[in-house]
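Okay, structure first, notes after.
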């Protein structure tokens, strides 16, 4: 039994990065995928921890070699992707691999690893998501309308996922996710009945 | 035999929209997929021809119902997607369905329709692509470097595709694509040997 990849995605501003950061700190048994990117490191970012910072040439080599589970050019400026080999190694070692990613990336992973577990991180309520999205109140009415329309579409994507976890509290949501990952692993290696 | 979907993608500025527009005008036997979008129509754009212009609520309904072969929120502002049903109907009717799409969208379609034919539109040369990308010469040196790095990565994506067509001349590239779509259809319905 080599385990199962878990993919965590969700709408803009739902807080999936915060949940992933909490898991990185509090749940060392989870192996968190590290994305590769061609953008420069920002202050405080550590190569190999927050991202693998690579050149455009190296990124292109990895794409050409089929070494990206999913990738994208973002805003036409920098490339981001998930290296395939570390995920496969973590799976082979029986670890609990987790990939925190955007909605488009999740749909790409489905093409490469259809047996992965796809988990949607949902806000506790529509109002909560609205507060996160427009909380700063600096945008125009038109900008606000666009953001809310986008949020509706992104929330509808929950139907594409195997599981939904509500991000009512970071610690609790992280615990629910890790429990889900652990329980199925146990079930798979120690079948009952 | 219900035919096979063809997906045309390629790097930024390679001219895939121009090839698709040429096919729309000159090859009526090809059924060209029309994307749905939540952005407003621009002058000259016709609903149902260039896009299906839909509300955010309608788009979200389609996502929730699994009616999008692939979709994305672009720059956090507007959603774009490929309605699944018209593609399936065109396939069932034995037409020659073509989907012109970006690289991320193509990888998502692979998850929904792995048997599709994935065609990469390539520039005739690196210099040609550079001219298309930076032709206007208004960008800074740093901006130019970013664009070229992105182009290298996008070109590497050709390895993910079944076929490569070189866009040396729009009419010829379009003809090659349509011939490819026709020949395989004939082969499939009238097997030789």
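Residue numbers (full-length UniProt numbering), protein chains in the order written: chain R, 1 to 193; chain E, 1 to 193. Built from N, CA and C at the ideal position, the CB exists for glycine as well.
For the set E:127, E:138, E:97, E:25, the Cα lying nearest the Cα of residue 7 of chain E is the one of E:97. Contacts with chain R (Cβ-Cβ distance below 9 Å) from the region 52-65 of chain E involve 55, 56, 57, 59, 60, 61, 62, 63, 64, 65, listed in chain order. The beta carbon of residue 107 of chain R sits closer than 8 Å to the beta carbons of 160 from its chain, once the five residues preceding and following it are set aside; these are given in chain order. With at least 16 other beta carbons inside 10 angstroms of its own, residue 31 of chain E counts as buried. In the DSSP assignment, the residues bridged to residue 79 of chain R are R:73. The beta-bridge partner set that DSSP reports for residue 166 of chain E consists of E:122. For residue 18 of chain R, the uninterrupted alpha helix (DSSP H) segment begins and ends at 16-26.
In this structure, residue 109 of chain R keeps its C-beta atom at 8 Å or more from the C-beta atom of residue 163 of chain R.
In this structure, residue 36 of chain R sits near residue 54 of chain R, with a CB-CB distance shorter than 8 Å. Counting the other CB atoms within 10 Å of its CB gives residue 81 of chain R a total of 16 or more, which places it among the buried residues. Using a C-beta cut-off of 8 Å, the region 163-172 of chain R makes no contact with the region 63-79 of chain E, since fewer than three inter-stretch Cβ pairs fall below that distance.
Nearest Cα to residue 152 of chain E within the set E:133, E:41, E:138: E:133. A Cβ-Cβ contact shorter than 8 Å links residue 99 of chain R with residue 5 of chain R. For residue 97 of chain E, the enclosing beta strand (DSSP E) starts and ends at 96-100. Comparing alpha carbon positions, the residue from R:91, R:72, R:86 closest to residue 101 of chain R is R:72. By the rule that beta-carbons nearer than 8 Å mark a contact, residue 16 of chain R does not touch chain E. The three-state reading of DSSP puts residue 7 of chain E in strand, counting E and B together.
Taking 8 Å as the cut-off, the Cβ atoms of residue 85 of chain R and residue 67 of chain R count as close. Here the alpha carbon of residue 28 of chain E sits roughly 10 Å from the alpha carbon of residue 22 of chain E. Proximity of chain R to residue 79 of chain E at the Cβ level (cut-off 9 Å) is accounted for by 149, 150, 153, 154, in chain order. Here residue 30 of chain R is bridged, per DSSP, to R:96. A distance of 8 Å or more separates the beta carbons of residue 121 of chain R and residue 174 of chain R.
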